[in-house]
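Novice: Numbering (the UniProt record's numbering), first residue to last: 1 to 257.
Where is the CB? At the ideal position from N, CA and C, for every residue including glycine.
Okay, here's the structure, questions in a sec.
Here is the structure:
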């Protein structure tokens, strides 16, 4: 199928899901709401569905600035609004004077509930305050089963979406040269690591590309890819500006502040 040629092999299964959603809307002439999708998944949905006049798609994750969003596929007659995305916003109340919680603590507690990652949107952590978005259909289950995060006792308060903490995404951009577009080479330059160290991180399953674990150092990166390494942060490959005279690649990379 020609469609698959435009995507990486590991994305083919997700493409099948998107095609199923699209066909469902076409045949039932009714909206289809997905779980929360990461930005790469949103790009795939947009590219497959977005230009089709019989099925349209829009995205919302609880606030304009979030990364993870639910997709709503719908026929032309339908006019979506925020309520159609069925998103709940929780505030985490905990004794902040005695304990500090991080993003990974919250994510760990949520994933221990046995729900798919797709049932949760962005987790917002700022100045001791914590909020997170979740699919409304599992909101009661979450409130019932989350009583501690890490070692801290917590309570969850349901808030209107308008109360979401605004978080600004900023990137420190720069142009570097890399010996190749292999994942370990790009990672080493982005985080100023020895190539062997970068390779070990990848092979240990500590590196994600576009929010998916990639454990092959020879994975070829491309423009738009978002890389993250546990303990080092996140970077984005904004552009590949071509090979240099010394047969290295000139790339523009941003590190998230």
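Determine, using beta-carbon pairs with one atom in the region 72-81 and one in the region 146-156, whether at least three such pairs fall under 8 Å.
Specialist: No: the two stretches stay apart, fewer than three of their Cβ pairs being nearer than 8 Å.
Novice: Indicate whether residue 68 and residue 35 have their beta-carbon atoms separated by less than 7 Å.
Specialist: By 1-based counting over the chain shown, the position of residue 68 is 68. By 1-based counting over the chain shown, the position of residue 35 is 35. No, the pair does not count as a contact, with Cβ atoms beyond the cut-off.
Novice: Would the region 195-213 count as touching the region 129-146 if we require 3 or more Cβ pairs under 8 Å?
Specialist: Cβ pair count under 8 Å is below three, so no.
Novice: Determine the extent of the beta strand (DSSP E) in which residue 92 is found, giving its start and end residues.
Specialist: Mapped onto the chain shown, residue 92 falls at position 92. 87-93 is the extent of the beta strand (DSSP E) around residue 92.
Novice: What are the boundary residues of the alpha helix (DSSP H) that residue 16 is part of?
Specialist: The residue given as residue 16 occupies position 16 in the chain shown. Residues 12-28.
Novice: For the beta strand (DSSP E) that contains residue 126, what are its first and last residues?
Specialist: Along the chain shown, one-based indexing puts residue 126 at 126. Residue 126 -> beta strand (DSSP E) spans 120-126.
Novice: Spatial neighbours of residue 203 within its chain, please: CB distance less than 7 Å, with the 5 preceding and 5 following residues excluded, ordered by chain position.
Specialist: Counting from one through the chain shown, the residue named residue 203 turns up at place 203. Counting only Cβ-Cβ distances below 7 Å, and skipping sequence neighbours, we find 215 and 217.
Novice: Among 152, 37, 145 and 83, which residue has its Cα nearest to the Cα of residue 119?
Specialist: For the purposes of this step, residue 119 is taken as the residue at position 119 of the chain shown. Closest option to residue 119, Cα to Cα, is 37.
Novice: Going by beta carbon distance, what residues of the same chain come within less than 6 Å of residue 48, once the five residues before and after it are set aside?
Specialist: Stepping through the chain shown from its first residue, residue 48 is reached at position 48. Within the same chain, residue 48 has close Cβ partners 18.
Novice: Quick one: measure Cβ to Cβ for residue 254 and residue 232, integer angstroms, because I've assumed they're closer than 8 Å.
Specialist: As a first step, residue 254 must be located in the chain shown, where it is residue number 254. As a first step, residue 232 must be located in the chain shown, where it is residue number 232. Their Cβ separation, rounded to whole angstroms, is 14 Å, which puts residue 254 and residue 232 out of contact at 8 Å.
Novice: If you reduce the DSSP assignment to three classes, tell me which class residue 31 lands in.
Specialist: Numbered from its first residue, the chain shown carries residue 31 at position 31. Of the three classes helix, strand and coil, the one that applies to residue 31 here is coil, per DSSP.
Novice: Between residue 189 and residue 165, is the Cβ-Cβ spacing less than 7 Å?
Specialist: Position 189 of the chain shown, counted from the first residue, corresponds to residue 189. Position 165 of the chain shown, counted from the first residue, corresponds to residue 165. Taking 7 Å as the Cβ cut-off, residue 189 and residue 165 do not qualify as a contacting pair.
Novice: Taking the straight line between their C-alpha atoms, what separation do you get for residue 219 and residue 183?
Specialist: Taking the chain shown and counting its residues from 1, the one referred to as residue 219 is at position 219. Taking the chain shown and counting its residues from 1, the one referred to as residue 183 is at position 183. So the two alpha carbons sit approximately 5 Å from each other.
Novice: First and last residue of the alpha helix (DSSP H) that includes residue 186?
Specialist: Position 186 of the chain shown holds residue 186. Start and end: 183-190.
Novice: Are residue 226 and residue 236 touching if we call contact CB-CB under 7 Å?
Specialist: Looking up residue 226 in the chain shown gives position 226. Looking up residue 236 in the chain shown gives position 236. Closer than 7 Å, so yes.
Novice: Quick one, are the C-beta atoms of residue 177 and residue 248 less than 7 Å apart?
Specialist: Here the question's residue 177 lines up with position 177 in the chain shown. Here the question's residue 248 lines up with position 248 in the chain shown. Cβ distance < 7 Å, so residue 177 and residue 248 count as in contact.
Novice: When we look at the beta-carbon of residue 81 and count the other beta-carbons within 10 Å, is it buried (16 or more) or exposed?
Specialist: Taking the first residue of the chain shown as 1, we reach residue 81 at position 81. Burial call: exposed.
Novice: Taking only beta-carbon atoms, is residue 156 less than 7 Å away from chain C?
Specialist: Absent here is chain C; the protein component of the structure consists of one chain.
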